[in-house]
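To start, the structure itself, in C-alpha coordinates.
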Amino acid sequence: MTEAKVEGPEVLERVARAAHLREGPAGVAAFLRVLYRQSPLPTQELARRLGWPVPVTAAVRGELERAGLLRRMPGGSALSESGRAFVREALGLGASMDPLCPTCAGRRIVVDSARWGPLLACLEEAYRANPPVDTTLDQSHGLPETALRRALLMHHEGALEGKDLLLLGDDDLVSVAVGLLGREGVGIRDQGLGAGETGWVRRLVVVDVDGRFLEHIAAAGRRWGFAVETVQHDLREPLPDALREAFDTVETDPPYTLPGLRLFLSRALEALRPGGGRDIFLSYAPRDPEGQRALLRECVELGLAPYSVTPDFNRYVGTGTLGGSGQMLHLRTTPEARPALSGRYAGPLYTMEVHPAERLYRCSACGSLFRVGPGGDFATIEQLKSHGCPRCGGKTFRIRKKISSPRSR
(Lines of atoms letter the chains of each structure in order from A and count residues from 1; the text may use other names and numbers.)
(Lines give C-alpha, C1' and ligand atoms only; values in the text may rest on other atoms or scores of the structure.)
Protein backbone atom coordinates (compact mmCIF):
# COMPACT_ATOMS: atom_id res chain seq x y z
CA MET A 1 0.00 0.00 0.00
CA THR A 2 1.46 3.37 -1.01
CA GLU A 3 1.16 6.44 1.19
CA ALA A 4 -1.26 9.20 0.17
CA LYS A 5 0.24 11.98 -1.91
CA VAL A 6 0.06 15.53 -0.65
CA GLU A 7 -0.90 18.24 -3.10
CA GLY A 8 0.98 21.12 -1.49
CA PRO A 9 0.89 23.74 1.29
CA GLU A 10 -2.91 24.02 0.99
CA VAL A 11 -3.08 20.86 3.11
CA LEU A 12 -2.16 23.02 6.12
CA GLU A 13 -5.30 25.10 5.63
CA ARG A 14 -7.42 22.00 5.16
CA VAL A 15 -6.13 20.33 8.33
CA ALA A 16 -6.49 23.50 10.42
CA ARG A 17 -10.06 24.00 9.23
CA ALA A 18 -11.06 20.37 9.79
CA ALA A 19 -9.53 20.33 13.30
CA HIS A 20 -10.97 23.78 14.22
CA LEU A 21 -7.43 24.87 15.12
CA ARG A 22 -7.31 28.46 16.30
CA GLU A 23 -3.62 28.73 15.42
CA GLY A 24 -4.55 28.09 11.78
CA PRO A 25 -2.15 26.75 9.13
CA ALA A 26 0.84 28.11 11.08
CA GLY A 27 -0.15 25.86 13.97
CA VAL A 28 -0.24 22.80 11.71
CA ALA A 29 3.22 23.71 10.41
CA ALA A 30 4.45 23.99 14.01
CA PHE A 31 3.03 20.52 14.75
CA LEU A 32 4.95 19.06 11.81
CA ARG A 33 8.13 20.91 12.78
CA VAL A 34 8.07 19.39 16.29
CA LEU A 35 7.84 15.88 14.82
CA TYR A 36 10.50 16.64 12.19
CA ARG A 37 12.92 17.49 14.99
CA GLN A 38 12.01 14.51 17.16
CA SER A 39 9.76 11.53 16.66
CA PRO A 40 7.95 9.44 17.57
CA LEU A 41 6.19 11.46 20.27
CA PRO A 42 3.02 10.61 22.22
CA THR A 43 0.09 12.98 21.93
CA GLN A 44 0.44 14.36 25.46
CA GLU A 45 4.09 15.28 24.87
CA LEU A 46 3.16 16.95 21.59
CA ALA A 47 0.50 18.92 23.47
CA ARG A 48 3.07 20.06 26.03
CA ARG A 49 5.55 21.19 23.42
CA LEU A 50 2.93 23.04 21.42
CA GLY A 51 1.06 24.46 24.42
CA TRP A 52 -2.23 23.03 23.15
CA PRO A 53 -5.00 21.09 24.89
CA VAL A 54 -4.67 17.34 24.35
CA PRO A 55 -8.04 17.02 22.50
CA VAL A 56 -6.98 19.73 20.03
CA THR A 57 -3.61 18.03 19.51
CA ALA A 58 -5.33 14.70 18.94
CA ALA A 59 -7.69 16.27 16.39
CA VAL A 60 -4.78 17.72 14.38
CA ARG A 61 -2.93 14.41 14.59
CA GLY A 62 -5.95 12.58 13.19
CA GLU A 63 -6.33 14.98 10.27
CA LEU A 64 -2.62 14.72 9.43
CA GLU A 65 -2.87 10.94 9.49
CA ARG A 66 -5.79 11.10 7.07
CA ALA A 67 -3.71 13.39 4.85
CA GLY A 68 -0.93 10.78 4.79
CA LEU A 69 1.62 12.96 6.59
CA LEU A 70 1.78 10.98 9.85
CA ARG A 71 1.98 7.36 10.88
CA ARG A 72 1.49 5.69 14.24
CA MET A 73 4.43 3.96 15.92
CA PRO A 74 4.84 2.23 19.30
CA GLY A 75 6.20 5.45 20.83
CA GLY A 76 3.56 7.75 19.36
CA SER A 77 3.23 9.74 16.14
CA ALA A 78 5.95 10.16 13.52
CA LEU A 79 6.19 11.72 10.09
CA SER A 80 5.55 9.36 7.20
CA GLU A 81 7.87 9.38 4.20
CA SER A 82 5.38 11.69 2.50
CA GLY A 83 5.36 13.84 5.62
CA ARG A 84 9.13 14.20 5.72
CA ALA A 85 9.18 15.11 2.06
CA PHE A 86 6.39 17.63 2.65
CA VAL A 87 8.16 19.47 5.48
CA ARG A 88 11.35 19.65 3.45
CA GLU A 89 9.78 20.77 0.18
CA ALA A 90 6.68 22.73 1.22
CA LEU A 91 7.86 24.12 4.56
CA GLY A 92 11.54 24.48 3.70
CA LEU A 93 12.79 22.63 6.76
CA GLY A 94 16.22 21.06 6.55
CA ALA A 95 17.70 21.12 10.05
CA SER A 96 16.26 18.53 12.42
CA MET A 97 18.46 19.59 15.34
CA ASP A 98 16.57 21.28 18.20
CA PRO A 99 18.77 23.94 19.87
CA LEU A 100 16.75 23.92 23.10
CA CYS A 101 18.98 23.43 26.15
CA PRO A 102 18.90 19.69 27.01
CA THR A 103 19.58 20.38 30.69
CA CYS A 104 16.81 22.85 31.55
CA ALA A 105 14.55 22.30 28.48
CA GLY A 106 14.18 26.07 28.15
CA ARG A 107 13.02 26.62 31.73
CA ARG A 108 16.31 28.26 32.88
CA ILE A 109 15.99 26.67 36.33
CA VAL A 110 17.46 23.18 36.78
CA VAL A 111 16.03 20.88 39.44
CA ASP A 112 18.92 18.44 39.72
CA SER A 113 18.19 15.38 41.86
CA ALA A 114 21.89 15.06 42.72
CA ARG A 115 21.91 18.61 44.15
CA TRP A 116 18.39 18.71 45.57
CA GLY A 117 17.82 15.07 46.52
CA PRO A 118 17.21 15.60 50.27
CA LEU A 119 14.87 18.53 49.67
CA LEU A 120 12.95 16.70 46.94
CA ALA A 121 12.56 13.72 49.28
CA CYS A 122 10.85 16.02 51.80
CA LEU A 123 8.63 17.53 49.10
CA GLU A 124 7.68 14.09 47.82
CA GLU A 125 6.70 13.06 51.35
CA ALA A 126 4.49 16.15 51.62
CA TYR A 127 3.11 15.51 48.13
CA ARG A 128 2.07 11.96 49.00
CA ALA A 129 0.07 13.31 51.94
CA ASN A 130 -1.70 15.98 49.85
CA PRO A 131 -5.46 16.33 50.30
CA PRO A 132 -7.48 15.27 47.24
CA VAL A 133 -8.02 18.08 44.74
CA ASP A 134 -11.32 19.92 44.58
CA THR A 135 -11.90 20.51 40.87
CA THR A 136 -14.72 22.97 41.59
CA LEU A 137 -11.90 25.24 42.84
CA ASP A 138 -9.73 24.52 39.77
CA GLN A 139 -7.24 22.70 41.98
CA SER A 140 -4.59 20.36 40.63
CA HIS A 141 -1.47 18.90 42.21
CA GLY A 142 1.77 20.38 40.91
CA LEU A 143 4.67 17.93 40.96
CA PRO A 144 7.33 18.31 43.70
CA GLU A 145 9.87 19.37 41.06
CA THR A 146 7.51 22.16 40.00
CA ALA A 147 7.19 23.52 43.54
CA LEU A 148 10.97 23.57 43.89
CA ARG A 149 11.46 25.09 40.44
CA ARG A 150 9.13 27.97 41.32
CA ALA A 151 10.94 28.58 44.61
CA LEU A 152 14.33 28.52 42.88
CA LEU A 153 13.11 30.95 40.22
CA MET A 154 11.96 33.40 42.90
CA HIS A 155 15.33 33.04 44.63
CA HIS A 156 17.17 33.61 41.35
CA GLU A 157 15.18 36.81 40.76
CA GLY A 158 16.00 38.15 44.24
CA ALA A 159 12.40 37.87 45.37
CA LEU A 160 12.89 35.77 48.52
CA GLU A 161 15.90 36.69 50.66
CA GLY A 162 15.02 39.45 53.09
CA LYS A 163 11.56 39.74 51.54
CA ASP A 164 7.98 39.25 52.72
CA LEU A 165 6.33 36.59 50.54
CA LEU A 166 2.60 35.94 50.07
CA LEU A 167 1.17 32.94 48.26
CA LEU A 168 -2.40 33.38 47.01
CA GLY A 169 -3.53 29.75 46.93
CA ASP A 170 -1.04 26.93 47.35
CA ASP A 171 -2.32 23.49 46.41
CA ASP A 172 1.12 23.01 44.77
CA LEU A 173 3.03 23.31 48.09
CA VAL A 174 5.33 26.09 46.88
CA SER A 175 5.39 27.46 50.44
CA VAL A 176 6.82 24.13 51.62
CA ALA A 177 9.55 24.32 48.97
CA VAL A 178 10.38 27.89 50.04
CA GLY A 179 10.47 26.88 53.70
CA LEU A 180 12.71 23.89 53.00
CA LEU A 181 15.08 25.99 50.88
CA GLY A 182 15.81 28.09 53.94
CA ARG A 183 16.78 25.11 56.08
CA GLU A 184 20.47 24.54 56.64
CA GLY A 185 21.62 21.18 55.32
CA VAL A 186 18.67 20.78 52.94
CA GLY A 187 18.29 24.07 51.13
CA ILE A 188 20.63 26.93 50.21
CA ARG A 189 21.00 28.63 53.56
CA ASP A 190 24.62 29.55 54.23
CA GLN A 191 26.48 27.61 56.87
CA GLY A 192 27.48 29.47 60.02
CA LEU A 193 24.49 31.75 60.45
CA GLY A 194 23.78 32.35 64.09
CA ALA A 195 20.53 31.72 65.92
CA GLY A 196 17.81 34.01 64.65
CA GLU A 197 19.71 34.78 61.44
CA THR A 198 17.58 33.01 58.89
CA GLY A 199 19.30 34.36 55.78
CA TRP A 200 15.99 33.77 54.05
CA VAL A 201 12.45 35.13 53.71
CA ARG A 202 11.40 37.46 56.50
CA ARG A 203 7.78 36.36 56.35
CA LEU A 204 6.05 33.48 54.59
CA VAL A 205 2.24 33.66 54.38
CA VAL A 206 -0.25 31.43 52.55
CA VAL A 207 -3.85 32.53 51.86
CA ASP A 208 -6.25 29.84 50.64
CA VAL A 209 -9.98 29.20 50.73
CA ASP A 210 -9.35 25.48 51.34
CA GLY A 211 -8.56 24.77 54.97
CA ARG A 212 -7.33 21.25 54.17
CA PHE A 213 -4.29 22.54 52.31
CA LEU A 214 -3.61 25.16 54.98
CA GLU A 215 -3.56 22.47 57.66
CA HIS A 216 -1.29 20.34 55.49
CA ILE A 217 1.14 23.24 54.93
CA ALA A 218 1.16 24.17 58.63
CA ALA A 219 1.90 20.54 59.50
CA ALA A 220 4.81 20.57 57.04
CA GLY A 221 6.19 23.67 58.76
CA ARG A 222 6.08 21.88 62.11
CA ARG A 223 7.50 18.70 60.59
CA TRP A 224 10.54 20.36 59.03
CA GLY A 225 10.98 23.37 61.26
CA PHE A 226 10.17 26.43 59.17
CA ALA A 227 7.85 29.31 60.00
CA VAL A 228 4.75 29.76 57.84
CA GLU A 229 1.53 31.68 58.50
CA THR A 230 -1.71 30.30 57.06
CA VAL A 231 -4.85 32.38 56.53
CA GLN A 232 -8.15 30.87 55.40
CA HIS A 233 -9.81 33.48 53.22
CA ASP A 234 -12.02 33.59 50.13
CA LEU A 235 -10.43 35.97 47.64
CA ARG A 236 -13.87 37.04 46.47
CA GLU A 237 -13.58 39.24 49.56
CA PRO A 238 -10.93 41.99 49.90
CA LEU A 239 -7.79 40.98 51.77
CA PRO A 240 -7.76 41.43 55.55
CA ASP A 241 -6.21 44.74 56.59
CA ALA A 242 -3.18 42.97 58.10
CA LEU A 243 -2.24 41.65 54.64
CA ARG A 244 -2.68 44.85 52.65
CA GLU A 245 0.44 46.67 51.38
CA ALA A 246 2.55 44.30 53.49
CA PHE A 247 4.51 42.20 50.97
CA ASP A 248 7.35 42.44 48.46
CA THR A 249 6.56 39.30 46.46
CA VAL A 250 3.39 37.40 45.52
CA GLU A 251 3.21 33.92 43.98
CA THR A 252 -0.07 32.62 42.60
CA ASP A 253 -1.60 29.96 40.35
CA PRO A 254 -5.13 31.36 39.87
CA PRO A 255 -8.22 29.85 38.26
CA TYR A 256 -7.63 29.57 34.52
CA THR A 257 -10.38 32.05 33.64
CA LEU A 258 -10.06 35.75 32.86
CA PRO A 259 -12.28 36.72 35.85
CA GLY A 260 -10.12 34.51 38.07
CA LEU A 261 -6.93 36.01 36.69
CA ARG A 262 -8.20 39.56 37.15
CA LEU A 263 -9.36 38.90 40.71
CA PHE A 264 -6.21 37.14 41.91
CA LEU A 265 -3.91 39.77 40.37
CA SER A 266 -6.03 42.52 41.94
CA ARG A 267 -5.66 40.87 45.36
CA ALA A 268 -1.93 40.52 44.69
CA LEU A 269 -1.73 44.27 44.08
CA GLU A 270 -3.67 44.88 47.30
CA ALA A 271 -1.04 42.85 49.13
CA LEU A 272 2.08 44.40 47.60
CA ARG A 273 3.74 47.48 48.99
CA PRO A 274 3.20 50.57 46.81
CA GLY A 275 5.66 51.53 44.11
CA GLY A 276 7.31 49.92 41.14
CA GLY A 277 9.50 46.85 40.99
CA ARG A 278 7.49 44.48 43.21
CA ASP A 279 7.45 40.89 41.97
CA ILE A 280 4.50 38.68 41.01
CA PHE A 281 5.10 35.11 39.86
CA LEU A 282 2.04 33.96 37.94
CA SER A 283 1.46 30.38 36.81
CA TYR A 284 -1.17 29.95 34.13
CA ALA A 285 -2.43 27.46 31.56
CA PRO A 286 -0.98 27.52 28.04
CA ARG A 287 -3.12 29.59 25.70
CA ASP A 288 -3.67 29.99 21.98
CA PRO A 289 -2.54 33.35 20.49
CA GLU A 290 -5.88 35.05 21.17
CA GLY A 291 -5.98 33.73 24.74
CA GLN A 292 -2.34 34.68 25.36
CA ARG A 293 -3.04 38.20 24.12
CA ALA A 294 -6.00 38.44 26.53
CA LEU A 295 -3.81 37.17 29.38
CA LEU A 296 -1.06 39.72 28.74
CA ARG A 297 -3.60 42.50 28.18
CA GLU A 298 -5.04 41.87 31.65
CA CYS A 299 -1.56 42.12 33.14
CA VAL A 300 -0.64 45.31 31.30
CA GLU A 301 -3.98 47.01 32.04
CA LEU A 302 -3.36 46.39 35.75
CA GLY A 303 -0.04 48.22 35.47
CA LEU A 304 2.10 45.08 35.49
CA ALA A 305 5.15 44.66 33.25
CA PRO A 306 5.80 41.11 31.96
CA TYR A 307 9.53 40.42 32.39
CA SER A 308 9.55 36.79 31.27
CA VAL A 309 7.17 34.14 29.97
CA THR A 310 8.40 30.54 30.23
CA PRO A 311 6.33 27.81 28.54
CA ASP A 312 6.10 24.34 30.12
CA PHE A 313 7.60 25.62 33.38
CA ASN A 314 5.02 23.83 35.53
CA ARG A 315 4.01 20.18 35.47
CA TYR A 316 0.81 18.88 37.06
CA VAL A 317 -0.99 15.63 37.77
CA GLY A 318 -4.66 15.35 36.81
CA THR A 319 -4.79 18.04 34.11
CA GLY A 320 -4.78 15.73 31.12
CA THR A 321 -6.79 18.09 28.91
CA LEU A 322 -4.03 20.71 29.26
CA GLY A 323 -1.25 18.17 28.78
CA GLY A 324 -0.24 18.45 32.45
CA SER A 325 1.73 21.60 31.66
CA GLY A 326 1.59 25.32 32.41
CA GLN A 327 3.52 28.52 31.77
CA MET A 328 5.24 30.84 34.24
CA LEU A 329 5.04 34.62 33.96
CA HIS A 330 7.31 36.88 35.98
CA LEU A 331 5.60 40.26 36.37
CA ARG A 332 6.77 43.45 38.06
CA THR A 333 4.69 46.36 39.23
CA THR A 334 4.96 49.82 37.71
CA PRO A 335 4.18 52.96 39.74
CA GLU A 336 0.76 53.01 38.00
CA ALA A 337 -0.20 49.49 39.10
CA ARG A 338 -3.68 49.42 40.65
CA PRO A 339 -6.19 46.63 41.44
CA ALA A 340 -9.04 46.33 38.94
CA LEU A 341 -11.33 45.23 41.79
CA SER A 342 -11.32 46.63 45.30
CA GLY A 343 -14.54 45.46 46.94
CA ARG A 344 -16.32 42.12 47.07
CA TYR A 345 -16.47 40.11 43.84
CA ALA A 346 -19.78 38.32 43.23
CA GLY A 347 -19.39 37.11 39.63
CA PRO A 348 -18.33 33.76 38.15
CA LEU A 349 -14.77 32.79 39.03
CA TYR A 350 -13.81 29.15 38.53
CA THR A 351 -13.90 27.20 35.26
CA MET A 352 -17.12 25.36 36.12
CA GLU A 353 -18.80 28.72 36.74
CA VAL A 354 -17.39 30.57 33.72
CA HIS A 355 -17.61 27.65 31.28
CA PRO A 356 -20.27 25.29 32.68
CA ALA A 357 -20.22 21.91 30.99
CA GLU A 358 -21.56 18.42 31.48
CA ARG A 359 -19.85 15.20 30.49
CA LEU A 360 -21.28 11.72 30.13
CA TYR A 361 -19.31 8.98 31.92
CA ARG A 362 -19.77 5.22 31.59
CA CYS A 363 -19.06 2.76 34.40
CA SER A 364 -16.39 0.34 33.18
CA ALA A 365 -17.90 -2.50 35.20
CA CYS A 366 -21.63 -2.40 34.44
CA GLY A 367 -22.00 0.17 31.66
CA SER A 368 -24.24 2.59 33.57
CA LEU A 369 -24.13 6.19 32.32
CA PHE A 370 -23.83 9.28 34.53
CA ARG A 371 -23.98 13.00 33.77
CA VAL A 372 -21.17 14.84 35.54
CA GLY A 373 -21.13 18.62 35.91
CA PRO A 374 -23.50 21.44 36.92
CA GLY A 375 -27.00 20.00 37.15
CA GLY A 376 -25.77 16.44 36.54
CA ASP A 377 -25.86 13.30 38.68
CA PHE A 378 -22.53 14.29 40.25
CA ALA A 379 -20.82 17.69 40.29
CA THR A 380 -17.32 16.34 39.52
CA ILE A 381 -15.73 13.10 38.35
CA GLU A 382 -13.89 12.99 41.70
CA GLN A 383 -17.24 12.87 43.49
CA LEU A 384 -18.44 10.06 41.22
CA LYS A 385 -15.27 8.04 41.83
CA SER A 386 -15.45 8.60 45.57
CA HIS A 387 -19.11 7.57 45.72
CA GLY A 388 -18.76 4.71 43.27
CA CYS A 389 -21.28 3.51 40.73
CA PRO A 390 -24.71 3.51 42.44
CA ARG A 391 -25.61 0.35 40.53
CA CYS A 392 -22.55 -1.90 41.01
CA GLY A 393 -20.13 0.03 43.24
CA GLY A 394 -17.50 0.27 40.51
CA LYS A 395 -14.82 2.95 40.79
CA THR A 396 -13.59 3.16 37.19
CA PHE A 397 -15.33 5.35 34.62
CA ARG A 398 -14.64 6.39 31.05
CA ILE A 399 -15.82 9.58 29.44
CA ARG A 400 -18.27 9.08 26.58
CA LYS A 401 -18.85 12.62 25.39
CA LYS A 402 -19.02 16.28 26.31
CA ILE A 403 -22.67 17.32 26.47
CA SER A 404 -22.56 21.12 26.57
CA SER A 405 -20.44 24.28 26.67
CA PRO A 406 -18.19 25.54 23.88
CA ARG A 407 -14.54 24.55 23.87
CA SER A 408 -12.53 26.80 26.16
CA ARG A 409 -8.87 27.46 25.70
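Reading the sequence shown from the start, the letters are residues 723 to 1131 in my numbering. From the three backbone atoms N, C-alpha and C, an ideal C-beta is built for every residue, glycine too.
Per DSSP, the continuous alpha helix (DSSP H) segment holding residue 779 begins and ends at 776-788. In this structure, residue 1038 lies near residue 865, with their beta-carbon atoms less than 8 Å apart. Collapsing the DSSP output to three states places residue 1027 in a strand. Burial is judged here by how many other beta carbons sit within 10 angstroms of a residue's own beta carbon; residue 1088 has fewer than 16 and is exposed. The three-state secondary structure of residue 1014, taken from DSSP, is helix.
Rounded to whole angstroms, the separation of the alpha carbons of residue 814 and residue 1090 is 51 Å. Our two residues, residue 775 and residue 769, have alpha carbons roughly 6 Å apart in a direct line. By the neighbour-count definition (other C-beta atoms within 10 Å, threshold 16), residue 1029 is an exposed residue.
Residue state for residue 844 is assigned as helix, using DSSP reduced to three classes.
The straight-line gap separating the alpha-carbon atoms of residue 961 and residue 802 is approximately 56 Å. In the structure shown, residue 732 adopts helical secondary structure according to DSSP, grouped into three states.
Under the three-state reduction of DSSP, residue 1009 is assigned to coil, being neither helix nor strand. Judged by their CB atoms, residue 892 and residue 925 are not nearer to each other than the 8 Å cut-off. For residue 964, there is no enclosing alpha helix (DSSP H), as DSSP gives it neither H nor E. Judged by DSSP in its simplified three-state form, residue 876 adopts helix.
In the assembly as shown, residue 930 is a buried residue. Its beta-carbon has 16 or more other beta-carbons within 10 Å. With respect to residue 922, residue 870 sits apart: the two C-beta atoms are not nearer than 8 Å. Note that the segment 739-758 touches the segment 783-792; at least 3 beta-carbon pairs, one per stretch, sit closer than 8 Å.
Counting only residues of its own chain and dropping the five nearest sequence neighbours on each side, residue 966 has a CB closer than 7 Å to the CB of 992 and 993. In the DSSP assignment, residue 1052 falls within the unbroken beta strand (DSSP E) covering 1047-1055. Going by DSSP, residue 973 is part of the beta strand (DSSP E) stretching over 971-974. Here the C-alpha atom of residue 1004 lies approximately 11 Å from the C-alpha atom of residue 1035.
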